[in-house]
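Written below as structure tokens is the structure these notes are about.
Residue numbers (my numbering): 247 to 500.
The following block contains the structure:
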């Protein structure tokens, strides 16, 4: 049975889409069958995997509002072992479309029910907010990975995210676990990055991945070429980091 992992943090710019794209691609590289689900109306994960988000017709939005079966929205073999359900700006309308639905928190869970067994991992890229879309992702997921940027305000908002996860666990999905926190954009040359890591470890009672994703120019360039880092620059420190994270994610399940 496939594992559904939500990549979540309501703070923007912490590396959610970067982690979704590159963790998924590195898991696929290791022979795992992967489905990426872009649940962010910005569609950065969609374009980061080489898909023109402005020209696609069947997206996660059409599935969530019941216009299409979710199977019709899958773009197959975008890379070896990697499929994606794309997103674009239309998804921002889902909040309004679902507002009167009694099952609005379970829509995504119900859509993925028959899909998850066809994959080893389903990776959901959440929007940078604690919206109904994020609640849907957490309700559908088995676990959550929280990317934290190594910067001064790293812990800001994390408390609220943890409360939301606990509420979802209590009321909507009692099997949900926090798989771990992953540090992103780490700059070993600065004391600040080191201080942030220590501060989070001291103040956050959660599993923290050993892998720390470095600040890396090649990692920043890759999305504009529509390529995951292991295809764009396989030997870069970013590629090494996400391969190591993929190993930890696989080991967590075992």
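The C-beta atom is built at its ideal place from N, Cα and C for all residues, glycine as well.
Owing to the predicted nature of the structure, the values given are computational and were not obtained by experimental measurement.
C-beta contact flag for residue i and residue j at 8 Å
i	j	result
residue 457	residue 490	yes
residue 474	residue 262	no
residue 330	residue 380	no
residue 432	residue 461	yes
residue 267	residue 248	no
residue 452	residue 428	no
residue 257	residue 374	yes
residue 354	residue 281	no
residue 311	residue 341	no
residue 396	residue 439	yes
residue 389	residue 358	no
residue 376	residue 404	no
Whole-number beta carbon distance between residue j and residue i, since they are thought to touch under 8 Å
i	j	result
residue 485	residue 493	No, residue 485 and residue 493 are not in contact; Cβ-Cβ is about 13 Å, not under 8 Å.
residue 328	residue 274	4 Å
residue 296	residue 332	Actually they do not touch by this definition, with Cβ atoms about 11 Å apart.
residue 391	residue 430	Actually they do not touch by this definition, with Cβ atoms about 11 Å apart.
residue 384	residue 252	6 Å
residue 386	residue 250	6 Å
residue 319	residue 488	So it is not a contact: roughly 26 Å between Cβ atoms.
First and last residue of the uninterrupted alpha helix (DSSP H) at residue i
i	result
residue 441	437-449
residue 290	290-294
residue 468	That residue, residue 468, is in no alpha helix (DSSP H); it is neither H nor E in DSSP.
residue 565	Since the displayed the chain opens at 247 and closes at 500, residue 565 lies outside it and no answer follows.
Boundaries of the beta strand (DSSP E) in which residue i is found, first to last residue
i	result
residue 283	280-284
residue 456	454-460
residue 260	Residue 260 -> no beta strand (DSSP E), and no H or E assigned at all.
residue 393	389-395
residue 432	423-432
residue 250	249-253
Any C-beta of chain C under 8 Å from that of residue i
i	result
residue 419	Absence of chain C from the displayed structure is noted, only one protein chain being present.
Check: residue i C-beta below 7 Å from any heavy atom of the ligand MN
i	result
residue 399	This structure lacks the ligand MN; in fact it carries no ligand of any kind.
Task: Length at least 3, wholly inside the segment 301-383: the beta strand (DSSP E) runs in chain order - done: Restricting attention to beta strand (DSSP E) runs no shorter than 3 residues, the segment 301-383 encloses them at 321-325, 328-331, 367-371, ordered along the chain.
- [ ] For the segment 473-497, list the alpha helix (DSSP H) runs that are entirely contained and at least 4 residues long, ordered along the chain.
- [x] 475-478
TODO: Report yes or no: do the segment 360-373 and the segment 405-416 share at least 3 C-beta pairs separated by less than 8 Å?
DONE: no
Open item on the list: Closer than 8 Å is the cut-off here; do at least three beta carbon pairs connect the segment 394-412 with the segment 308-316?
Closed with: no
TODO: Answer yes if the segment 433-445 comes into contact with the segment 263-282, meaning at least three C-beta pairs across the two stretches below 8 Å, and no otherwise.
DONE: By the Cβ criterion, the segment 263-282 is not in contact with the segment 433-445, since fewer than three pairs of Cβ atoms, one from each stretch, lie closer than 8 Å.
TODO: May I ask you to verify whether the segment 335-355 touches the segment 301-311, counting CB pairs closer than 8 Å and requiring at least 3?
DONE: yes
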